[in-house]
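Numbering (our numbering), first residue to last: 13 to 495.
In this text, a Cβ means the ideal position worked out from N, Cα and C, and glycines have one as well.
See structure below.
This is the structure in C-alpha cells:
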C-alpha cells in the first residue's frame, strides 16, 4: 500500500521551499526598479501557502518512505515544481502562453537550457533571476536539499536520495544520508560563490556574475544575454566558465574528496580518469580542424573548441561560437557530444560517463569471453566487481535511451519538422543540453515549435533528467500492484 499522506507531506515541504527560493529575486526587482516584485511575491505566497497547507495537514504522518513512495515523490515533485515554478512567468505576463511557460520552467528545472524567449535581455531583473534560480534548484536536485535541511519531515531520506541522485551510483560520504546531502550542498554552494567571484573579477557586473554562476554550476546554460557567453568575449571569463563547467560535470563526491585532500580517492575513480582523458583528447583533436574551418586565431580557436566541447559534454549548453558554421563534419562531431553526458553524481545530464565506461569495458571483455569461453571474466570499475545486475541495468538504459531518441525524432518528423531539427530537438532535450543542430542550433531557440510539441519536448526533458526509469516505472503494472 502506498502512503499517499506521507507523499502529500513531502510535497508540501517542497512547495514551501520552492516559495522561499522565489524571494531573492524580489531584492533584484527593487534594486533595479524593474517592477516585477509583486508577481514574485504573489507566486511565493501561493507556493508557500499551498505547501504549508499540505505539510501541516499531514505533519503527524511518520511513515517511512519506501522505494515506491520514493520514486513517486521524485516524479511528482518535478511536476509540482514545474506547475508552481511557472507562476512568476504567467503572473508577470513575461510568458502568456501556457505551453511556453511550461517549456521554460521545465527547461530551467531540468537544467536543459533550451528557451522559447526571443529577447532575454528584455525580461525584468527579478523574473530573469528566478529563471536562473530554477536551474540552480534543479542542478543537484531539490530532493537532496530537502533531505538535508528538512529533517523535521520525519521520513527515511535514503529512498528519495537514491531515486533523485543523477547516474547509476550514489557514493555516500557519511553513513547518515542527511549528512551526505548536506556535504554535497556545501560543495555546490561553495563552488557557486567562488565562480560568481571570479566572474565578477573578470569583468561581469554583480548581477550577471551571480546569474551565470547559478547556471554554470547547475550545468544549465541559461544566460542573461541573448548571445549567451559569446557576449562576454573575454578570455578570462570564458576560461573560468570552462573550468567550472568541467567541475560541475564531475562527480561531487570526487570533488569533496579532492577538497579534503584525499587525492587517492580522487584517482581511484575510473570514471573521473576517463572523463579527464576523453575531454582532453576531444579538445586536442578538434582544435586544429576548428582553427582551419573558422579562420580564428589559434588561441581563439582553442578557447572556442574547449568551451563548446566542455559545454556540450557536461550538458551546460552555453555557447561562444556557432559550431554548425564549421562545416558538416564538425557539426556531426559536436552533435554526437550531446550523447555523452558528465559523470554520475554531478549536475550534468545525459547518458553519463560511467555507463559509457561500463559498456565499452564489457564489450572488450566479451571478445575475451568469445576466445576463452570457459574462463571466468569479470568486469571491474574502481577495482570492484560489477555485478551482472548492474550491467544489465545499464544495457537496458542505453537501449531505452536510444529508443526514446528514435521514436521522439520520428514523431517530430511526422508532425512536420525537418529531420535535422527533429533529431537535434529530441537529442538535446533528452540529454538536457540546450543547443543542437538544425533549427535548434546554438544561435536559435525553441519558440517556433507548436504548443503540443513544446509540451512533448518538456516531457522528454523530464524523462531525461530523471534517468528514464524513475518516470517509466510508474507506467508499469508492477509499480502499482499491492505487495
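Exercise for review: Could you tell me which of 472, 467, 395 sits nearest to residue 413, measuring between CA atoms?
Suggested key: Ranking the options by Cα distance to residue 413, first place goes to 472.
Practice item. Determine, using beta-carbon pairs with one atom in the stretch 213-233 and one in the stretch 112-131, whether at least three such pairs fall under 8 Å. Key: Touching, yes, given that three or more Cβ pairs across the two stretches are closer than 8 Å.
Exercise for review: Using the Cα positions of residue 420 and residue 433, report the straight-line distance between them to the nearest angstrom.
Suggested key: Residue 420 and residue 433 have their C-alpha atoms some 12 Å from each other.
Check your understanding: At which residues does the alpha helix (DSSP H) containing residue 145 begin and terminate?
Key -> 137-152 is the extent of the alpha helix (DSSP H) around residue 145.
Check your understanding: Rounded C-beta distance between residue 114 and residue 474? I'm assuming under 8 Å.
Key -> The beta-carbon separation of residue 114 and residue 474, rounded to 11 Å, does not stay under the 8 Å limit for a contact.
**Study point:** Nearest neighbour of residue 212, chosen from 194, 396, 246, 201 [CA to CA]
**Key:** Comparing Cα-Cα distances from residue 212 to each of 194, 396, 246, 201, the minimum goes to 246.
Review point. So, helix, strand or coil for residue 396, using DSSP?
Key: Residue 396: strand per DSSP, three-state reduction.
Review point. In chain order, what residues of the same chain lie with their CB nearer than 7 Å to the CB of residue 358, ignoring the 5 residues before and after it?
Key: Only 178, 260, 261, 262, 263, 264 meet the Cβ criterion.
Check your understanding: Got a sec? Which residues, its chain only, sit under 8 Å from residue 59 by beta carbon, not counting five neighbours each side?
Key -> For residue 59, where only same-chain residues beyond five positions count, the Cβ hits under 8 Å are 27, 28, 30, 31, 34, 96, 99.
**Study point:** Close-in-space but distant-in-sequence residues of the same chain around residue 47 (CB under 8 Å, 5 per side omitted)
**Key:** Cβ contact annotation for residue 47 (same chain, cutoff 8 Å, sequence separation greater than five): 41, 136, in chain order.
Review point. Between which two residues does the alpha helix (DSSP H) carrying residue 325 extend?
Key: Looking at the DSSP string, the run of the alpha helix (DSSP H) that includes residue 325 is 310-325.
Check your understanding: Do you know offhand how far residue 153's Cα is from residue 379's?
Key -> Looking at the backbone, the Cα of residue 153 and that of residue 379 are separated by about 39 Å.
Check your understanding: Expressed to the nearest angstrom, what Euclidean distance is found between the alpha-carbon atoms of residue 279 and residue 465?
Key -> Straight-line measurement puts the Cα of residue 465 at about 44 Å from the Cα of residue 279.
Point to revise | Element boundaries [alpha helix (DSSP H), containing residue 64] | key: It spans 49-69 - the alpha helix (DSSP H) in which residue 64 sits, taken as one unbroken run.
Check your understanding: From residue 255 to residue 225, what distance separates their C-alpha atoms?
Key -> Straight-line Cα distance between these residues: approximately 12 Å.
Exercise for review: Could you confirm whether any beta carbon from chain D is found closer than 8 Å to the beta carbon of residue 144?
Suggested key: No chain D is present in this structure, which holds just one protein chain.
Check your understanding: In or out: residue 191 buried (at least 16 other Cβ within 10 Å) or exposed?
Key -> With fewer than 16 Cβ atoms within 10 Å of its Cβ, residue 191 is classed as exposed.
Check your understanding: Roughly how many whole angstroms lie between the Cα atoms of residue 20 and residue 272?
Key -> A straight-line Cα-Cα distance of about 38 Å links residue 20 and residue 272.
Practice item. Consult DSSP for residue 125 and reduce its assignment to one of helix, strand or coil. Key: Coil, per DSSP.
Exercise for review: Might you give, ordered along the chain, the residues of its own chain that have their beta carbon closer than 7 Å to the beta carbon of residue 394, omitting 5 neighbours on each side?
Suggested key: Counting only Cβ-Cβ distances below 7 Å, and skipping sequence neighbours, we find 280, 281, 282.
Review point. Just how far apart, CA to CA, sit residue 167 and residue 78?
Key: Low confidence applies here, because residue 167 scores a pLDDT of 40, under 50, leaving its location unreliable; read the following figure in that light. Looking at the two C-alpha atoms, the distance is approximately 9 Å.
Check your understanding: Expressed to the nearest angstrom, what Euclidean distance is found between the alpha-carbon atoms of residue 351 and residue 396?
Key -> Rounded to whole angstroms, residue 351 and residue 396 show a C-alpha spacing of 26 Å.
Review point. By how many angstroms is the C-alpha of residue 374 removed from the C-alpha of residue 452?
Key: Approximately 35 Å, taken between the alpha carbons.
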